[in-house]
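*Asks:* Line by line, the protein sequences are chains A and B.
Per this note's numbering, the first sequence runs over residues 3 to 447.
Per this note's numbering, the second sequence runs over residues 3 to 447.
Have a look at this one before I ask anything.
Number of protein chains: 2
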Amino acid sequence: MERTLIGELNTKEGQEVTIQGWVSVRRDQGKMVFFDFRDRTGSVQGVVLPKSEAIETAKEVRNEYVVSVVGMVNKRPEKNVNAGVQNGDIELEVKQIEIISKAEIPFELGSEVNLDTYLDNMPFTLRTPKQKAIFKVQAEIIKAYRAFLNSEGFTEFQAPKLIGDDAEGSGEVFEVKYLYDKTAHLATSPQLYKQIMVGVFERVFTTGNVFRAEKHATTRHLNEYTSIDAEMGFIKDHTDVMDMETKLMRHICEHLRTTCNEEFKLLDAQVPEVGETIPHIKLREAQELIFKETGKDKRNEPDLEPEDERWLCEWSKREHNSDFVFVTHYPVSKRPFYTYEDEQDPGFTKSFDLLFRGIEITTGGQRRHNLENLIEGAKNKGLDPNNFSYYFQAFKTGLPPHGGWGMGLERLTAKFLNLANVKEATLFPRDINRIDTLLSTDKKE
Amino acid sequence: MERTLIGELNTKEGQEVTIQGWVSVRRDQGKMVFFDFRDRTGSVQGVVLPKSEAIETAKEVRNEYVVSVVGMVNKRPEKNVNAGVQNGDIELEVKQIEIISKAEIPFELGSEVNLDTYLDNMPFTLRTPKQKAIFKVQAEIIKAYRAFLNSEGFTEFQAPKLIGDDAEGSGEVFEVKYLYDKTAHLATSPQLYKQIMVGVFERVFTTGNVFRAEKHATTRHLNEYTSIDAEMGFIKDHTDVMDMETKLMRHICEHLRTTCNEEFKLLDAQVPEVGETIPHIKLREAQELIFKETGKDKRNEPDLEPEDERWLCEWSKREHNSDFVFVTHYPVSKRPFYTYEDEQDPGFTKSFDLLFRGIEITTGGQRRHNLENLIEGAKNKGLDPNNFSYYFQAFKTGLPPHGGWGMGLERLTAKFLNLANVKEATLFPRDINRIDTLLSTDKKE
């Protein structure tokens, strides 16, 4: 018999159906056996009556067994209706159970485990409703991201990850043994390729893995993550980029409200409201404000510290009722060589960070589009312009004023859902002591 | 004045507008100067009359200069109408030109150049209508790919590229110097993660870069490419996967027909028709056919050679009017350890290749879902099961019968457009002697 999805059972009352899925829970109750079955569309309760020909098999079946079940879809008696729960008003009276795959579980699914145990057992621990909700939300974020940019005339492109040299001249890069003993590196961002592509399509975006060889052990850093990037030509300045990102964030939030309502409820999180504009403040003004209000003098610091980011987000929420805030005009010294210096504010750049719920989720800004100016920027950072001759071709053959942003999909997901650690929003996190379980690399030592 | 996109000029007749874009061509004709301007939405002809205040600047402007132009949108006189060409019935009478960025080009854009020159100058050579058409088509393929799989209940996920060991135990892998002198590798496919995720979402897909450390110098191989992968649970056998891929290819083709008509025309290529089913044939039957029809005896070969793939595609076109053909049942010896062996046909697998216009574009099949059977498969390939303990967790905790496919986005694009070399459909190809121009790695030697 054709498989019926569990999500469609509520239209099959009084019919015999075949479902296929996993056993989430088995409960013995006297001579009857109850099950919660699940498939990709949801859950349903099954009951095996003592007289059912399935009763013997039912007693063998354990949690996480994969089964094919023939049963009758019955309405539950009024008193047993589980209101507000999927299929809470029906029940599957099990006629036959076929075991497709057996299972042996390390602990009960959904048990409270610490993060290391969770990560060490992800092929299993990812199966809980909460974990599935996190990665459903992540899939919807990236879907909304692409749909919005497509609607604004951006073209997607595929950026290489094997590169000659470190693009940004900043982050630490992983070295790769390339063919014929050449040395390549792993891209820390698609930045230079995005800019090249502005010369082709004006507006481009790309999504994909990037790599950072940093020995962090924090709740916000990863050694490999999904960077969702965009770049646009013919801008007035960085504020055009900020306006586009504001519309993007509004679109993503609207999409999440319509597609992930259940998931946000399950995770006890709220989709933020994004107004017509997001408040923005210059770094130096932000530091002045922090000094005035908290007495902490960071007015000469080149960047915000985590506690400053948290404070500014609280301020933005309090004063502007916004979960987001742009901070602009970071000093030239703290930004990559291609960042545009503000002629009106020498020493500071037309760049921005977007902060959200206490943390930076985007870095962006206007870029230098004039070749001489760009080369000067590289030299000032001690970089050898000869290393960038491929990239420079785009500028030599004519590029308009342009800018863009990059953001980490995992961090964005974590902040939307108020997760304490970015690793909870990552499949499968790489960090200082983890590549899966590192078993396979350990053996090589 | 607000920028008007060139694609909207045909609605602005008799109005003064500002356009911004590149100069594709400048032509002097007596005392007048003609231009072709382009932006991301298309091209338009501009004319600078001798009396125009823009005439002096117009004479300075060269190809690929980025300009902002104020002009009047005029109807062309009947005899000058360029029918069938975008904006062929209008002309921009230029009032002012502002040079935004100057340009210096290595050769005329669109000149016939050899592949190496093309690749060495991609930041410039990508700007021709043909190259833009190729990567527009590529963007639409991946968009259609995701949209179809979403509509079939597949969930997207992000697969890591830094892995402990070589997943497939076959292709050569690149080594990465990981943190604390550990050794990691670059994924040759997301295979094992896809299978893990079947336990979570049943149906999943992922798109992203994969890496092959092979010293190929062919028209069909790359050392880094975009793999578009899918995996689905609760299948009957490999034919369910083939059916899903048939529907996918039909959807992609329909999408290309509606969105990329101009691009296919420009590149002189046809979008193939995909029927209700795609013909399929077992490897041994195919070899028998080849022997019978050509006299070449390859009936004991474990795989098809390129000439066989070409012959089978011609046969499929001739006999079944199909540009596509599935070849199934490759021997166990030629397939990765996780491939399902056909109980009815021992020594052969429930696997398939999809051939399209003379070349394999997909490898797929059913996988082993029983842990003992999977471990046996690994051992038979001389692999140490201990290296796969993370992956095995998914099987230990219950996986249904499942299967899927992987395909290379660049190769698929190249075949849709009849391009001679896959590198023509790749941004930015990595091969035995190319990472961009390898300038930056050369200096390290």
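For glycine and all other residues, C-beta sits at the position ideal for the given N, C-alpha and C.
None of the values given here were measured: they were computed from a predicted structure.
1. Is the beta carbon of residue 166/B less than 7 Å from the beta carbon of residue 437/A?
2. What residues from chain B crowd round residue 201/A, counting only those whose CB sits closer than 7 Å?
3. At what residues does the alpha helix (DSSP H) containing residue 289/B begin and finish?
4. With a threshold of 7 Å between beta carbons, is residue 263/A in contact with chain B?
5. Relative to chain B, which residues along the region 75–108 of chain A have a C-beta separation below 9 Å, given in chain order?
6. Is there at least one Cβ from chain C nearer than 7 Å to residue 198/B's Cβ?
7. Measuring CB atoms only, is the region 232–245 of chain B touching the region 401–418 of chain B, in the sense that at least three cross pairs come out at less than 8 Å?
8. On a CA-only basis, which of 85/A, 95/A, 64/A is nearest residue 53/A? Give me that one, please.
9. Take residue 92/A as the anchor and find which of 363/A, 12/A, 149/A, 431/A has the nearest alpha-carbon.
10. Can you pull the chain A residues whose beta carbon is under 8 Å from the beta carbon of residue 141/B, in chain order?
11. What separation, rounded to the nearest whole angstrom, lies between the Cα atoms of residue 63/A and residue 107/A?
12. Just list the beta strand (DSSP E) runs in the region 4–48 of chain B, keeping only unbroken ones of 3 residues or longer that don't cross its boundaries, in chain order.
13. Between the Cα of residue 394/B and the Cα atoms of 364/B, 42/B, 231/B, 197/B, which residue gives the shortest distance?
14. Whole angstroms is fine: what's the gap from residue 359/B's alpha carbon to residue 239/A's?
15. Identify whether residue 232/A lies in helix, strand or coil by the three-state DSSP scheme.
16. With 7 Å as the threshold, decide whether the Cβ of residue 42/B is near any Cβ in chain A.
17. So, for residue 305/B: in the same chain, excluding its five sequence neighbours on each side, which residues have a beta-carbon less than 6 Å away from its beta-carbon?
18. The beta strand (DSSP E) with residue 1/A in it runs from where to where?
19. Curious, which full-length beta strand (DSSP E) runs of at least 3 residues does the region 164–252 of chain A contain?
20. Looking at residue 201/B and residue 67/A, is the spacing between their C-beta atoms short of 7 Å?
21. For a test of the three-state rule: what should DSSP assign to residue 131/B, helix, strand or coil?
22. Under three-state DSSP, which class holds residue 110/A?
23. Bridge partners for residue 160/B per DSSP, in chain order?
24. Kindly indicate if chain B contains any beta-carbon less than 7 Å away from that of residue 186/A.
25. So, at 7 Å on beta carbons, what are the nonlocal neighbours of residue 83/A in its own chain, with the 5 sequence-adjacent residues on each side left out?
26. Tell me the residue span of the alpha helix (DSSP H) that contains residue 119/A.
27. Give me the Cα-Cα distance between residue 149/B and residue 208/B, rounded to the nearest whole angstrom.
28. Taking the beta carbon of residue 49/A as the centre, do at least 16 other beta carbons fall within 10 Å, making it buried, or is it exposed?
29. Answer with yes or no whether the minimum CB distance from residue 22/A to chain B is below 7 Å.
30. Over what stretch of residues does the alpha helix (DSSP H) that includes residue 76/B continue unbroken?
31. Can residue 143/A and residue 254/A be called in contact, C-beta distance under 7 Å?
32. Can you have a look at residue 30/A and say buried or exposed, based on whether 16 or more other CB atoms are within 10 angstroms of its CB?
33. Which residues in the same chain as residue 423/B place their Cβ atom closer than 6 Å to its Cβ, once the five residues preceding and following it in sequence are excluded?
34. Considering residue 361/B, what are the terminal residues of the alpha helix (DSSP H) in which it resides?
35. Mind listing the chain B neighbours of residue 211/A? Cutoff is C-beta to C-beta under 9 Å, in chain order.
36. Tell me which residue opens and which closes the beta strand (DSSP E) that residue 92/B is part of.
*Replies:* In short:
1. Numbered from its first residue, the second sequence carries residue 166/B at position 164. Numbered from its first residue, the first sequence carries residue 437/A at position 435. Cβ distance < 7 Å, so residue 166/B and residue 437/A count as in contact.
2. Locating residue 201/A in the first sequence gives position 199, where the first residue counts as 1. Under the 7 Å cutoff, chain B gives 125, 129.
3. Looking up residue 289/B in the second sequence gives position 287. Its alpha helix (DSSP H) spans residues 285–296.
4. Numbered from its first residue, the first sequence carries residue 263/A at position 261. With 7 Å as the cut-off, residue 263/A does not count as an interface residue toward chain B.
5. Near chain B, meaning a CB-to-CB distance below 9 Å, the residues of the region 75–108 of chain A are 102, 103, 104, 105, 106, 107, 108.
6. Absent from the structure: chain C. Protein chains present are A and B.
7. Flag = yes, the region 232–245 of chain B and the region 401–418 of chain B touch.
8. Reading the first sequence from its first residue, position 51 is the one you call residue 53/A. Ranked by how close their Cα comes to the Cα of residue 53/A, the residues 85/A, 95/A, 64/A have 95/A in first place.
9. As a first step, residue 92/A is located in the first sequence; it is residue number 90 there, counting from the start. Looking at 363/A, 12/A, 149/A, 431/A, the one whose alpha-carbon comes closest to that of residue 92/A is 12/A.
10. As a working note, residue 141/B is residue 139 in the second sequence. By Cβ distance, chain A contributes 157, 158, 159.
11. For this step, residue 63/A is matched to residue 61 along the first sequence. For this step, residue 107/A is matched to residue 105 along the first sequence. Taking the straight line from one Cα to the other gives about 13 Å.
12. As far as the region 4–48 of chain B is concerned, its whole beta strand (DSSP E) runs of at least 3 residues are 18–31, 34–41.
13. For the purposes of this step, residue 394/B is identified with residue 392 of the second sequence, where counting begins at 1. Minimum Cα distance to residue 394/B is reached at 197/B.
14. By 1-based counting over the second sequence, the position of residue 359/B is 357. By 1-based counting over the first sequence, the position of residue 239/A is 237. For residue 359/B and residue 239/A, the gap between their C-alpha atoms comes out near 47 Å.
15. Start at 1 with the first residue of the first sequence, and residue 232/A comes out as number 230. DSSP, reduced to helix, strand and coil, places residue 232/A within a strand of the structure shown.
16. Numbered from its first residue, the second sequence carries residue 42/B at position 40. Judged by the 7 Å Cβ criterion, residue 42/B is in contact with chain A.
17. Position 303 of the second sequence, counting from 1, holds the residue named residue 305/B. If we look at residue 305/B and ignore the five residues flanking it on each side, its Cβ neighbours are 336.
18. Residue 1/A lies beyond the residue range present for chain A, which begins at 3 and ends at 447; the question has no answer from this structure.
19. The region 164–252 of chain A is shown to contain whole beta strand (DSSP E) runs of 3 or more residues at 177–179, 185–188, 205–213, 226–235, in chain order.
20. By 1-based counting over the first sequence, the position of residue 67/A is 65. By 1-based counting over the second sequence, the position of residue 201/B is 199. Their beta carbons are not under 7 Å apart, which means residue 67/A does not touch residue 201/B by this criterion.
21. Reading the second sequence from its first residue, position 129 is the one you call residue 131/B. Look at residue 131/B here: in three-state DSSP terms it is helix.
22. The sequence position of residue 110/A within the first sequence is 108, counting from 1. Correct three-state label for residue 110/A: coil.
23. Along the second sequence, read from residue 1 onward, the residue named residue 160/B stands at position 158. DSSP, once it has assigned bridges, lists no residue as partnering residue 160/B.
24. If you number the first sequence from 1, residue 186/A lands on position 184. So yes, residue 186/A belongs to the interface.
25. Working through the first sequence from its first residue, we reach residue 83/A at position 81. Here the set comprises 90, 91.
26. Mapped onto the first sequence, residue 119/A falls at position 117. Run containing residue 119/A: 117–122, per the alpha helix (DSSP H) assignment.
27. In the second sequence, residue 149/B corresponds to position 147, counting from 1. In the second sequence, residue 208/B corresponds to position 206, counting from 1. Their Cα atoms are separated by approximately 12 Å.
28. Mapped onto the first sequence, residue 49/A falls at position 47. Buried, because 16 or more other Cβ atoms sit within 10 Å of the Cβ of residue 49/A.
29. By 1-based counting over the first sequence, the position of residue 22/A is 20. Interface residue, yes.
30. Position 74 of the second sequence, counted from the start, is the residue given in the question as residue 76/B. From DSSP, residue 76/B is part of no alpha helix (DSSP H) but of the beta strand (DSSP E) over 68–77.
31. For the purposes of this step, residue 143/A is taken as the residue at position 141 of the first sequence. For the purposes of this step, residue 254/A is taken as the residue at position 252 of the first sequence. Their beta carbons are under 7 Å apart, which means residue 143/A touches residue 254/A by this criterion.
32. Working through the first sequence from its first residue, we reach residue 30/A at position 28. It counts as exposed.
33. Numbered from 1 along the second sequence, position 421 holds the residue referred to as residue 423/B. Excluding sequence positions up to five before and after residue 423/B, its CB lies within less than 6 Å of the CB of 221, all in the same chain and listed in chain order.
34. Your numbering for residue 361/B matches position 359 in the second sequence. Residue 361/B -> not in any alpha helix (DSSP H); beta strand (DSSP E) instead, spanning 361–368.
35. Start at 1 with the first residue of the first sequence, and residue 211/A comes out as number 209. Simply 160, 161, 162, 163, 164, 210, 211.
36. Stepping through the second sequence from its first residue, residue 92/B is reached at position 90. Taken as a continuous stretch (DSSP letters only), the beta strand (DSSP E) holding residue 92/B covers 92–103.
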